[in-house]
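Residues in the sequence shown are numbered from 1 upward in steps of one, following UniProt numbering. Some notes on the structure that comes next.
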Amino acid sequence: MRPSFFFSLQPRRLASWSALLALPLLMSLWWQAADASMLLSSNNLSFRLPTFDYFEAPQPFYNVTGILIYPQFDAGRHCTLQPSFPTDLGLLAQSYNASVVTFNWNEAEHAGCDTIAQAAAAVFNYATTLRAKTQLPPVRLFLLQLTHIVYGYSGGPETEQYLSSSALIPDGTPKITTALVPAEHTAELRAFLDKLINVPIITVAQEWGPWNKLFRSLLFGIISFFFLTMNAIFLLFSFYRLYHVIRKKEFRFERRNIIYVTGVLAAILTISHIPLQKQTLARYILSQCSALFAAQAFYGLLLLWSNIFEMTRRRKELQLLNYLVYFAMALQVVAFISQIAATLLRQPAWMSVWLSVVFWAMPATQMIICGIYVYYIYIFAKQQREIIVSKQTLYALRWLSCLALAGLFSFVLAMIANFINAIPSLRGNPTAWAVQYQLQDLWRTIRVVALLLIMGIRIPRPMSHDQLGSGDDRAYASKSSYGRTHPYSSTPWPAV
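Take a look at the structure:
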């Protein structure tokens, strides 16, 4: 007896791979992060606060003790600090070899700073002027006081302004070493500074903080490298297959190859964005383009499966489902445009409502499509013996169904990742965001691999009834009346 279709999927092997991929996600839940402290002193008063590094920035080690400077922004210039400096330092200027500049994010944002990196660039320019015009110690550190209080840890990718809205505005690693004061301690720091008469002395030791201890950990790096490697391996493997197809002059401009080429573009974009810092405009655009190409190509794969399934059954029964897939394709484009526009326009109030509608409608549509396709794939698995098809066609249909199931599973993973992002109480949770990013890389990898493997499916040529009944391409069919009564029942999977 031949094994059934679902048995051919080898569920034990799939379960083993799923467990292997899920293990890093579970391990990340065990991570515990801690903060170090910053020490301020003046007039026999001292004050200690936690600090941590800029998110994902590979900054050099620092342990700075020096004069704390609190400059003001120039009201007439965009994100520029006034070139004014303390002049009553006396021997302090000669006693220390470093200065630390500080202000809070509300002041920087009001002055027109779009990102924390742009505020750091303003400090860098201020430090250059300070060194040229005064004898004050050079600025070694920028201490930014965060102002967005969240449940959990401030300084995360969702709550702080790391991402730029223009290629002309800096983001990513700051031009000057930057440390962050958690938002819940900013008011305390300002109250302490207001009580002081003399210039305070500050000591700031480097501390990665809760976000970087997880996102810059060896474990997280291994996971990211794994997904990068998987995408690269399957991309090279698909190129190898493509080379042989072109060498044999068998490459044709058909739907399967259009899906494959789009999948290649998605794979290249995925490989390009995974190594980049997560809160940068370049990575964001590459990530959104990768998701768009992968989604559109996979929707094309589903339409291809529907077309083939209908041809084997010789009746149009998936038209409404096809229209739903076309709607999902259009919705994906709308979501892409809306998300890019929201980033470039800094998400005005009216767009927040629109984005909420789009991003609830998209996973709902995908789940409906997922459920219907799983049902029809199950129907195919049960009724495949009642359809006269060649061995080659049966193999192709099974493979295409496997790829469709893998892609549909990626819909579920994407929905879970979006759900994590939508919960306000998790925006300050490093573990939740780490799991979300890992899920994003996982579902993108699954979808891209499914698209690249379509090149390995050979499309059979139409065969006559006599050919189907003999040789290795002999059809597998039961003694049902379907094959005897329908005049087109002997037609294998057509080249579409």
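Think of the CB as a built atom: it goes at the ideal place given N, C-alpha and C, for glycine as much as any other residue.
From the DSSP output, in three-state form, read off residue i for me.
i	result
E109	helix
A328	helix
G471	Residue placement at G471 cannot be trusted, given a pLDDT of 40 that sits under 50; what the coordinates show is reported in the next sentence. Of the three classes helix, strand and coil, the one that applies to G471 here is coil, per DSSP.
Q145	strand
D53	strand
I268	helix
L397	helix
G371	helix
A361	helix
F419	helix
G428	strand
F253	coil
Y96	coil
G76	coil
L168	coil
K133	helix
R190	helix
K382	helix
P210	helix
Candidates the options: which alpha carbon is nearest residue i's?
i	options	result
Q135	S95, Y153, I285, R190	S95
P335	Y395, A417, Q288, A266	First, the residue type needs correcting, since residue 335 is Ala and not Pro in the sequence shown. Out of Y395, A417, Q288, A266, Q288 has the C-alpha closest to the C-alpha of A335.
N322	T312, V358, Y299	Y299
M362	T177, L144, I268, M415	M415
K45	V264, N198, A127, S290	As written in the sequence, residue 45 is Leu, which differs from the Lys given in the question. It is N198.
Q161	Y153, G152, L146	L146
P83	W105, I369, F124	F124
V101	A127, G112, Q383, L214	A127
V333	V325, L301, L292, G371	L292
V181	G156, L196, F234, S165	G156
A232	K195, R131, V245, T270	T270
P137	E158, I274, N97, T173	N97
L236	T80, I268, T51, F225	I268
P60	P71, I423, L141, T51	L141
K278	D441, L189, L453	D441
T203	T51, S425, Y373, P174	T51
P58	K133, L276, L302	L276
Going by beta-carbon coordinates alone, are residue i and residue j separated by less than 8 Å?
i	j	result
W208	D53	yes
F117	D74	In the sequence as displayed, the identity of residue 117 is Ala instead of Phe. Their beta carbons are not under 8 Å apart, which means A117 does not touch D74 by this criterion.
M455	R241	yes
T65	I201	yes
F55	N307	no
A205	N63	yes
P210	Y151	no
Y377	L394	Correcting the residue identity first, residue 377 is Ile in this sequence and not Tyr. No.
F192	L68	no
Q366	F411	yes
V448	A330	no
T445	F227	yes
With which residues is residue i paired in a DSSP beta bridge?
i	result
residue 549	In this structure the chain extends from 1 to 496, so residue 549 is not present and cannot be described.
I197	BP columns for I197 are empty, so no partner.
L45	S42
L180	F52, L144
T102	L143
I69	V101
G152	G428
L81	F73
State yes or no: is the beta carbon of residue i nearer than 8 Å to at least one beta carbon in chain B?
i	result
P174	Absence of chain B from the displayed structure is noted, only one protein chain being present.
Does at least one heavy atom of the ligand MN sit under 7 Å from the Cβ of residue i?
i	result
I420	Summarising the ligand content, the structure contains no ligands, and the ligand MN is consequently not present.
Three CB pairs or more closer than 8 Å across the region 105 to 113 and the region 137 to 152
Taking 8 Å as the limit for Cβ pairs, the verdict is that the region 137 to 152 does touch the region 105 to 113.
Measuring CB atoms only, is the region 255 to 263 touching the region 277 to 288, in the sense that at least three cross pairs come out at less than 8 Å?
no
Determine contact between the region 243 to 251 and the region 216 to 230, defined as no fewer than three beta-carbon pairs at a distance below 8 Å.
no
Between the region 262 to 282 and the region 415 to 430, do at least 3 Cβ pairs fall closer than 8 Å?
no
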